[in-house]
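Notes to accompany the following structure.
Number of protein chains: 2
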Amino acid sequence: MGVQPTTERGRRTRERIVAAAAEVVAQKGALGASLDEVGERAAASRSQLYHYFDDKSDLLRAVAESTNEAVLGAQDDLFAGLGTWPGLVRWTDALVALQEERGGVGGCPIANLLGQLGERDDEIRAVLSDGFDRWEASIRAGLTAMVASGELRADADADWLAASTLASLQGGLILAQARRDPLPLRRALDGAIRLIATYRTTTKA
Amino acid sequence: MGVQPTTERGRRTRERIVAAAAEVVAQKGALGASLDEVGERAAASRSQLYHYFDDKSDLLRAVAESTNEAVLGAQDDLFAGLGTWPGLVRWTDALVALQEERGGVGGCPIANLLGQLGERDDEIRAVLSDGFDRWEASIRAGLTAMVASGELRADADADWLAASTLASLQGGLILAQARRDPLPLRRALDGAIRLIATYRTTTKA
Numbered sequence: 001m002g003v004q005p006t007t008e009r010g011r012r013t014r015e016r017i018v019a020a021a022a023e024v025v026a027q028k029g030a031l032g033a034s035l036d037e038v039g040e041r042a043a044a045s046r047s048q049l050y051h052y053f054d055d056k057s058d059l060l061r062a063v064a065e066s067t068n069e070a071v072l073g074a075q076d077d078l079f080a081g082l083g084t085w086p087g088l089v090r091w092t093d094a095l096v097a098l099q100e101e102r103g104g105v106g107g108c109p110i111a112n113l114l115g116q117l118g119e120r121d122d123e124i125r126a127v128l129s130d131g132f133d134r135w136e137a138s139i140r141a142g143l144t145a146m147v148a149s150g151e152l153r154a155d156a157d158a159d160w161l162a163a164s165t166l167a168s169l170q171g172g173l174i175l176a177q178a179r180r181d182p183l184p185l186r187r188a189l190d191g192a193i194r195l196i197a198t199y200r201t202t203t204k205a
Numbered sequence: 001m002g003v004q005p006t007t008e009r010g011r012r013t014r015e016r017i018v019a020a021a022a023e024v025v026a027q028k029g030a031l032g033a034s035l036d037e038v039g040e041r042a043a044a045s046r047s048q049l050y051h052y053f054d055d056k057s058d059l060l061r062a063v064a065e066s067t068n069e070a071v072l073g074a075q076d077d078l079f080a081g082l083g084t085w086p087g088l089v090r091w092t093d094a095l096v097a098l099q100e101e102r103g104g105v106g107g108c109p110i111a112n113l114l115g116q117l118g119e120r121d122d123e124i125r126a127v128l129s130d131g132f133d134r135w136e137a138s139i140r141a142g143l144t145a146m147v148a149s150g151e152l153r154a155d156a157d158a159d160w161l162a163a164s165t166l167a168s169l170q171g172g173l174i175l176a177q178a179r180r181d182p183l184p185l186r187r188a189l190d191g192a193i194r195l196i197a198t199y200r201t202t203t204k205a
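Chains as they are written, first to last, in full-length UniProt numbering: chain C, 1 to 205; chain X, 1 to 205.
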């Protein structure tokens, strides 16, 4: 790994490089992105790039980390509500609304990087896997809270339901991306919600 | 589009080129694959390549088509059984067994191409979307047959359940790929099966 910045100015330079790299990767793909283009976009010299990052793979790992933060960070407020049924529904509605805005374009940024780099760079695969783990943990925490509050029955397996819900979300995003249509995501998340609803203690589903 | 072969010999040459291209794409990624490498692997000259394919994008579209055929063709026998409950379970077991063999490596070849090319080439995206459509149609046909036979209740929405099941499968494959572990796929498909089971007319689930 390259040098970690010790000054505020250094931290900002490193962040600027990672942000520029993320933009170039989004446009050209991870394999098509060049360090020259990243440097140009970040207004950073070659020596600055190599000060903070060993090589392209090291920079792409930083992009994967910042992608995790961006994707999960954008859901922070929604994650906080996952411990109640209305909060769970609100989270799925927000995910579908985002795909409606985008016309299904783009898919999940974490999954996109996985598709490009997962079989090529094991360290980056591990970073992205960690992003999914954190995502699943947030869902699981919400389901566990609903079991604790009695909103879900005690036999609801939060581990299984969280894994299954994240899979529905990821698969729904792929199908939405393929079809340029948010409907597959809505159907996938309706499936996840309906499954969880079979464990509700109230009859409203 | 390049020239379609009119002779058996021409058809075989074209197929050999597409097969070689699929291998190079699997190794180097769609963006990293070069026509020179494809030609070398297929023992085909540059002029043969350009006889059958206009350009790299045209060749990649043929790779996408052959990927659809390979992925769906491998499930043909299993699709045929989807009209009964044991057949549905057998299909999911086979999908999980394949990932157990592979240790989760590789993910879904259609989704991988989508992740690499979906935002770069709209014609290839449409080919891959068609692959998903056919996959979903096979699942839907099975569910519709189960409704017709009375194995599922008449209020089972086969369109929704097929879309939701394919999403579970795709998302489970991504998470299995990220974690190098077939468990997320098993959990995702168990979720899909459990949801469909809520529509069974018998009590065995």
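For glycine and all other residues, C-beta sits at the position ideal for the given N, C-alpha and C.
For residue i versus residue j, is the C-beta distance shorter than 7 Å?
i	j	result
X/Arg61	X/Val147	no
X/Ala33	X/Gln99	no
X/Gly29	C/Leu59	no
C/Ala197	C/Gly172	no
X/Gly104	X/Pro182	yes
X/Ser45	C/Ser168	no
C/Arg140	C/Ala162	yes
C/Leu78	C/Ala64	no
X/Tyr52	X/Gly118	no
X/Ala111	X/Gln170	yes
X/Asn68	X/Gly131	yes
X/Asp121	X/Ser57	yes
X/Leu72	X/Arg134	yes
C/Ser164	X/Gly191	yes
Say whether chain C places a C-beta atom closer than 7 Å to the C-beta of residue i.
i	result
X/Ile139	no
X/Ser129	yes
X/Pro109	no
X/Ala156	no
X/Leu95	no
X/Ser34	no
X/Leu31	yes
X/Pro86	no
X/Asn68	no
X/Phe132	yes
X/Ala176	no
X/Gly118	yes
X/Val63	no
X/Gln75	no
For residue i, report the span of its alpha helix (DSSP H) as first-last.
i	result
C/Gly81	Element bounds for C/Gly81: n/a, residue is neither H nor E.
C/Glu23	8-28
X/Gln4	Segment: none, X/Gln4 is in no alpha helix (DSSP H) and carries neither H nor E.
C/Arg102	85-102
X/Val63	56-73
C/Pro182	No alpha helix (DSSP H) contains C/Pro182, which DSSP labels as neither H nor E.
X/Val38	35-42
X/Leu31	Taken as a continuous stretch (DSSP letters only), X/Leu31 belongs to no alpha helix (DSSP H), as it is neither H nor E.
X/Ser47	46-52
X/Ala115	It should be pointed out that residue 115 of chain X corresponds to Gly in this sequence rather than to Ala. Here the alpha helix (DSSP H) through X/Gly115 covers 109-117.
Would you list the one or two residues that DSSP bridges to residue i?
i	result
C/Arg200	C/Leu152
Any beta carbon from chain X within less than 7 Å of residue i's own beta carbon?
i	result
C/Ser57	no
C/Ala205	Residue placement at C/Ala205 is flagged as unreliable, the pLDDT there being 46, under the threshold of 50; the coordinate-derived value follows with that caveat. No, C/Ala205 does not count as interfacial toward chain X.
C/Ala197	no
C/Gly115	yes
C/Ile193	no
C/Pro184	yes
C/Gly39	no
C/Gln99	no
C/Arg179	yes
So which residues on chain A does residue i lean against when the C-beta distance must stay under 8 Å?
i	result
C/Asp190	Judged by its chain identifiers, the structure shown contains no chain A, and its protein chains are C and X.
Among the candidates the options, whose CA atom is the shortest distance from the CA of residue i?
i	options	result
X/Gly81	X/Asp54, X/Ser138, X/Arg134	X/Ser138
C/Leu113	C/Gly103, C/Val105, C/Ile124	C/Ile124
C/Pro109	C/Val25, C/Leu195, C/Arg12	C/Val25
C/Ala156	C/Thr144, C/Leu35, C/Glu37	C/Thr144
X/Ala20	X/Glu8, X/Leu185, X/Asp36	X/Asp36
C/Gly150	C/Glu101, C/Thr201, C/Gly131	C/Thr201
X/Arg41	X/Ala111, X/Glu23, X/Tyr52	X/Glu23
X/Leu152	X/Ala192, X/Tyr52, X/Gly83, X/Glu101	X/Gly83
C/Gly142	C/Asp133, C/Gly87, C/Ala154, C/Ala111	C/Gly87
X/Pro5	X/Asn68, X/Tyr50, X/Asp133	X/Tyr50
C/Arg180	X/Gln116, X/Ser129, X/Gln75	X/Ser129
residue 213 of chain X	C/Gln48, C/Arg9, C/Trp160	Because chain X in this structure spans residues 1 to 205, residue 213 of chain X falls outside the shown range and cannot be described.
C/Ala70	C/Arg14, C/Gly39, C/Val38, C/Val18	C/Val18
X/Ala178	X/Arg102, X/Trp85, X/Leu166, X/Glu136	X/Arg102
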